[in-house]
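Taken in order, these protein sequences are the chains called A and B.
Quick note: the first sequence uses our numbering, first residue 1, plus one each step.
Quick note: the second sequence uses our numbering, first residue 297, plus one each step.
Yeah, the Cβ is synthetic: ideal placement off N, Cα and C, and Gly gets one too.
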Amino acid sequence: MRVLGLDIGFGHTKCYSEGIKFKFPTQLAYPPDDPNMEVERVNIGGREYVVGRDTKYASSYRIEIPTVIELVQYAPVFLKYVLDKFGKFDLVVTGLPPNAKSHVSSLNSNLKSVTDAEVLIIPQGIGILYDVASTTDIGDDAVIIDIGYNTVDCIAVEKSEDVWKKKRGITLENFGIMKAVEIMREMLPEKYGLLKNWSASCLLETFERGAVSIDGEKIDLGAYKNEAIQRYVEILLTKTKQELKDSFRDVATVVVAGGGAYYVGKKYFGQGVIPEEPEFSQARGYYVVGIQSNNG
Amino acid sequence: MSLEYKAITVKLRNKEVYKKYRLLFRLGRVVIESLLEILFEKTEVVELQNAFLSDGESGVKELIRAKMFTGQNIEPTNSKEAFIKQEEVLPKVQELEQKTKPKLKSDMQGFWG
């Protein structure tokens, strides 16, 4: 049985399965009218899209994905892209934010339009729980912090009679790693004014590299990046503690995952667990859920 | 007579090929154009398109290998299959590990909201 763990985030889509660990930007566009342009095309019902990194070759035809509604609408395009690359699956496990349960049935029917596989949609956060708890002893209670592109999801969980349950969950909108990028943008001096006008996604790439080349000159932004991360983590940590209150204080383990976990050291979260390649944690956990559900 | 060039963008996916291609500094066009000339002497565009329609990228690769190396005793390989076989080694172990691990239980419905 081939199981696919599919985590469609606002920043990147992550896939995990037997022999597959793959991520691509959650971006799509209509293909440009240039027959010489070699871009991978995804065909859905006769309509073609360009997906992932190739969208930079079709920037004028780009379709934005600002909310979960568009994410659900275009999810089949991203799944089809993965199926075209890696072949058929028997079970696709994916997730939605816990506050988006009302979108489950439309996501299910949208995904089923491009695959014969069984589709299982579970609340986000469960993936990270299954990924971490299946490999690490995290005690009987934990706070899972998933630092994404736009949002940070925090779930306090506890194990009671061998069953993991949610105690509390919050979503911090606009507290994802883009906030650190914005902080860096604010800190840049006037001589780098050009960067201040860049789009968020361009600036994210610069942030990740910690440097930029302008007119052939390489500019090191490492100091600004480090300071921005430090400020961001402090803001995020205090906000999380304030929102989760007692759930955070008494907890045995703090699990920090998602792409933003790369920037947040364990030192900030006490007994913190950062899974290996944290951006894949959710997708890996979806895969575990799929394998375990298949085993009865 | 002025020479007119048509610019094309080709994305190379094979890292090893890409590394060697970079070493061709300023020779990229003549190398690629020569290869295409040889290829088009041996096959028609429609054959390549048909190979893609029936077997995808691996079909095109096989057809090119077969056409280019006819009579040279080089066996075409299905690179896609080779890739999958190579990648499957570790994950099959991972899958087995997952199957033998104690099953986690959770109140999934309770996580919504």
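For this session: Mark threonine 67/A as exposed unless 16 or more other C-beta atoms lie within 10 angstroms of its C-beta, in which case mark it buried.
Result: exposed
For this session: Please report the residue range of the alpha helix (DSSP H) in which valine 39/A lies.
Result: Per DSSP, valine 39/A belongs to no alpha helix (DSSP H) and is neither H nor E.
Exercise. At a Cβ threshold of 8 Å, is tyrosine 130/A touching chain B?
Worked result: yes
Exercise. Nearest chain B C-beta to lysine 165/A closer than 8 Å, yes or no?
Worked result: yes
Problem set entry | For alanine 180/A and lysine 376/B, the rounded distance between their alpha carbons | The predicted position of lysine 376/B is uncertain, since its pLDDT is 39 and thus under 50; a value taken from the coordinates is nonetheless stated next. Between lysine 376/B and alanine 180/A, the C-alpha separation is close to 40 Å.
Exercise. Would you call the CB atoms of isoleucine 155/A and glycine 258/A closer than 8 Å?
Worked result: no
Problem set entry | Proximity below 8 Å, CB of glycine 127/A to CB of glycine 95/A | yes
Problem set entry | Where lysine 80/A falls, given that 16 or more other Cβ within 10 Å makes a residue buried | buried
Exercise. Got a sec: which bits of the segment 121-153 of chain A sit with their beta carbon under 9 Å from any beta carbon on chain B, in order along the chain?
Worked result: Ile122, Pro123, Gln124, Gly125, Ile126, Leu129, Tyr130, Ala133, Ser134, Thr135
Problem set entry | Per DSSP, the bridge partner or partners of isoleucine 20/A | Ser17/A
For this session: Determine, using beta carbons only, whether arginine 185/A and leucine 203/A come nearer to each other than 8 Å.
Result: yes
Problem set entry | DSSP state of arginine 168/A mapped onto helix, strand, coil | strand
For this session: Leaving aside the five residues before and after phenylalanine 404/B along the sequence, list all residues of the same chain whose C-beta is less than 6 Å from its C-beta, in chain order.
Result: The sequence given here has methionine at residue 404/B, not phenylalanine. Here the set comprises nothing.
Problem set entry | For glutamate 358/B, the residue or residues it bridges with in DSSP | Its beta-bridge partners do not exist; DSSP assigns none.
Exercise. Ordered along the chain, which non-local residues of its own chain (more than five positions away) have a Cβ less than 8 Å from that of valine 206/A?
Worked result: For the sequence presented, residue 206/A should be read as threonine rather than valine. These residues qualify, in order along the chain: Leu195, Trp198, Val212, Leu221.
Exercise. Taking the beta strand (DSSP E) that isoleucine 147/A falls in, what are its first and last residues?
Worked result: 141-147
For this session: Out of Arg53/A, Ile44/A, Leu71/A, Ile122/A, point me to the one whose CA is closest to threonine 115/A's CA.
Result: Ile44/A
Exercise. Just how far apart, CA to CA, sit serine 113/A and proline 76/A?
Worked result: 7 Å
Exercise. Counting pairs of Cβ atoms below 8 Å between the segment 118-134 of chain A and the segment 275-290 of chain A, do you hit three or more?
Worked result: yes
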